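Heads up: the sequence lines are chains A and B, in that order.
Residues 126 to 338 in my numbering are what the first sequence lists, from first letter to last.
Residues 1340 to 1640 in my numbering are what the second sequence lists, from first letter to last.
Heads up, the beta-carbon is just placed ideally off N, CA and C, and yes, glycines get one too.
On a predicted model such as this, the values are computed, not experimentally measured, just so you know.
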Amino acid sequence: MIPLSEAVLVLVLLVNFAVLAASRLTFTIRATAIQGVLLGILPLTIGDPWSGKSLLLSGGTLALKAIVLPNVLLWAMREAAVRREVEPSLGPIASVGAGVLSVGLAQALSRNLPPLDAALPRLLVTASIATVLSGFIVLMTRRKAMTQVVGYLMLENGVYLFGLILAGRVPLLVELGVLLDLLVGVFIMGLVVFHMNRELESLDSARLSELRD
Amino acid sequence: MTALLPLALLLLLAPLLPGVAARTVALATGRRGAPVLQLYRDLRRLWGKDLVYGAVTTGVFRVAPVVWVFGAVAAAAFVPLDGRSALARFPGDFLLFAGLLALGRFALTLAALDTGSSFEGMGASRELLIGGLAEPVLFLGFLTLSLATGGSSLSELFGTGVGDAWPRVGATLVMVALSLAMLLLAEASRGPIDDPATHLELTMIHEVMALDHSGPDLALLLYGGALRFALFGALLVQLVWPRGAMGDLAAAGRLAAGLVAVAALVGAVESSMARLRMIRIPQYLVSAGVLASLGALLLLR
């Protein structure tokens, strides 16, 4: 009926919208975990599923994006006793509308960026650009530091999708290096969130721009 | 003739669906639940009762149940229930389909206002809020399907063209199917939108409008509601499970099995989700619309 890789990409897109529309913080973190699972499955559905490279890529992605990172975020949330609401500066309906625009833009761009390999699903380029843009929207319009980390993760997921277009050509080491960078990045962000909470007694990043003695 | 048989099947099967959904909810919550055929018994019992009208009601109140059922039955005539072609078809008949459903809703809300009861007025206003937001979503879904299959009548949108379209534009069809499924919950007054089992008038949406109806009138309201459920279920079945090369009987069996599966799914959703707050409902319907329009966006190549 519908190729597996395309079905996974559709689900990735739907997760973007779930995050954009969500009002609860734990839900957005869980949603990125689900997106991590989907991204982990994806290398197996395109190209040769049982080559060592795609297995390693898939395993690394699953371990990191679906298990480690969401748990780090959930841990930071628990430790910093973050309030559960997202508190966006752009409402859910407007965010979702912006998400639709981003998919439209991604479609327009993907027309000029066909994948090098004809065997790759066309939706891949669209999904990657749309995920990057959705991550941007979350980064820009959410005021909580925690949600901004989620936005950053989504953005990175989009970059990872884009990387899959070239997965056959880029050395595995580069991919794994990116994953490692991401891990370090999120750990640092978790620490920043933790300290912000202790120093400012709030995670509202808007308050970072206030000068204080 | 081949189109009449599935239509009769749909009309006959409709009261089964709320029973199946209720049974699923009961099983999921560890109860045994009412018999699956409960609505059939209710309808027979109500049909034998006398009619009682409130003192302030007018002719509007008496006509409404008939119009409500008529709208749903007439709309069913345009749905390609056998998987190929509907009883009646012409280019753009999806407008009439939506219009007939809206006519039934219009009559029902007028009757609710006619009773002069404040609860019913509130229910009517909520029903119209949902209806007003659900209709554009339905059109968005039809529009996307029309772009995907190139047709302009329901028989083309949900007929054999769908089976051919799956390998080409599967991603789009998935989006439209999800959007239709969300719409089904709203249109059939089920799930996280409305609670068909509630006993509190303040929280009712659809049920509260039936409070003043009695006997055969109430039976008509219940039947019409079940039929709308079945109609949207049939659209969904048609979309997700195209007929392909099945024979006539197999296609009818597919419709029946699909409808029961949809009802069980609705029950599963109902038992796993809390009801949405009223302010969340527009957001829910906008999400359904977004899914449909995403489907259209994915068609741009």
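Checking contacts by CB at 7 Å: is residue i closer than that to chain A?
i: B/A1603; result: no
i: B/Q1377; result: no
i: B/A1504; result: no
i: B/V1629; result: yes
i: B/Q1622; result: yes
i: B/A1510; result: yes
i: B/L1524; result: no
i: B/L1636; result: yes
i: B/L1366; result: no
i: B/V1625; result: yes
i: B/L1633; result: yes
Who are the Cβ neighbours of residue i in its own chain at under 7 Å, not counting the five residues just before and after it?
i: B/A1481; result: Reading off the sequence shown, one finds Phe at residue 1481 of chain B, where the question assumed Ala. Contacts found: F1433, L1496.
i: A/D245; result: Residue identity differs from the one stated: residue 245 of chain A is Leu in this sequence, not Asp. So the qualifying residues of the chain are I171, I290.
i: B/L1633; result: M1514
i: B/Q1377; result: G1358
i: B/A1463; result: T1448, A1451, L1452, M1548
i: B/V1406; result: L1442, G1443, A1446
Do residue i and residue j have their C-beta atoms within less than 7 Å of each other?
i: B/L1578; j: B/A1510; result: no
i: B/T1363; j: B/A1603; result: yes
i: B/G1572; j: B/V1408; result: no
i: B/P1345; j: B/A1591; result: yes
i: B/A1411; j: B/G1443; result: yes
i: A/L182; j: A/E300; result: yes
i: B/F1436; j: B/L1356; result: no
i: A/V221; j: B/V1476; result: no
i: A/T256; j: A/N282; result: yes
i: A/T186; j: A/G216; result: no
i: B/P1374; j: B/D1556; result: no
i: B/T1396; j: B/T1448; result: no
i: A/S253; j: A/G224; result: no
i: B/L1575; j: B/V1601; result: yes
i: B/S1528; j: B/A1627; result: no
i: B/V1391; j: B/S1553; result: yes
i: B/A1569; j: B/A1353; result: yes
i: B/G1502; j: B/P1419; result: no
i: A/A191; j: A/V162; result: yes
i: B/A1473; j: B/A1525; result: yes
i: B/A1360; j: B/L1426; result: no
i: A/L169; j: A/S179; result: yes
i: A/A158; j: A/V140; result: no
i: B/V1608; j: B/G1530; result: yes
i: B/R1423; j: B/T1499; result: yes
Which same chain residues end up closer than 6 Å to residue i when comparing Cβ atoms and leaving out the 5 residues on each side of it in sequence?
i: B/F1458; result: E1540, V1547
i: B/R1428; result: S1492, S1494
i: A/L248; result: E131, L134
i: A/Q232; result: T251
i: A/L194; result: V311
i: B/L1523; result: F1571
i: A/E324; result: none
i: B/A1365; result: G1372
i: B/L1566; result: A1353, A1411
Does the CB of residue i have a neighbour CB from chain B at under 7 Å?
i: A/G357; result: Coverage of chain A is limited to positions 126 through 338, which leaves residue 357 of chain A absent and any answer about it impossible.
i: A/Q232; result: yes
i: A/I166; result: no
i: A/G283; result: no
i: A/G229; result: yes
i: A/V225; result: yes
i: A/V263; result: no
i: A/E131; result: yes
i: A/V221; result: yes
i: A/V135; result: yes
i: A/I154; result: no
i: A/I218; result: yes
i: A/I127; result: yes
Might you give, ordered along the chain, the residues of its own chain that have their beta carbon closer than 8 Å to the beta carbon of residue i, omitting 5 neighbours on each side?
i: A/M202; result: L150, T151, I154, M271
i: A/V317; result: A270
i: A/L264; result: Q273, G276, Y277, L280
Within 7 Å of any Cβ in chain C, is that where the Cβ of residue i sits?
i: A/V250; result: Judged by its chain identifiers, the structure shown contains no chain C, and its protein chains are A and B.
With a threshold of 6 Å (Cβ to nearest heavy atom), would residue i be considered close to the ligand ZN?
i: A/N141; result: Among the components of this structure there are no ligands whatsoever, and the ligand ZN is therefore not found.
Answer yes if the stretch 1607-1627 of chain B comes into contact with the stretch 126-134 of chain A, meaning at least three C-beta pairs across the two stretches below 8 Å, and no otherwise.
Contact between the stretch 126-134 of chain A and the stretch 1607-1627 of chain B is absent, because fewer than three Cβ pairs lie under 8 Å.
Contact between the stretch 1523-1536 of chain B and the stretch 1381-1393 of chain B: three or more CB pairs below 8 Å?
no
The stretch 1582-1596 of chain B contacting the stretch 1481-1493 of chain B, beta-carbon criterion three pairs below 8 Å:
Segment contact: the stretch 1582-1596 of chain B against the stretch 1481-1493 of chain B, fewer than three CB-CB distances shorter than 8 Å; contact not assigned.
Ignoring anything shorter than 4 residues, give me the alpha helix (DSSP H) runs that lie fully in the stretch 214-277 of chain A, in order along the chain.
217-237, 248-266
Every unbroken beta strand (DSSP E) within the stretch 1350-1409 of chain B, with a cutoff of 3 residues, ordered by chain:
You should have found no qualifying run.
Which runs of the alpha helix (DSSP H) spanning at least 4 residues fall entirely within the stretch 1513-1589 of chain B, listed in chain order?
1554-1579
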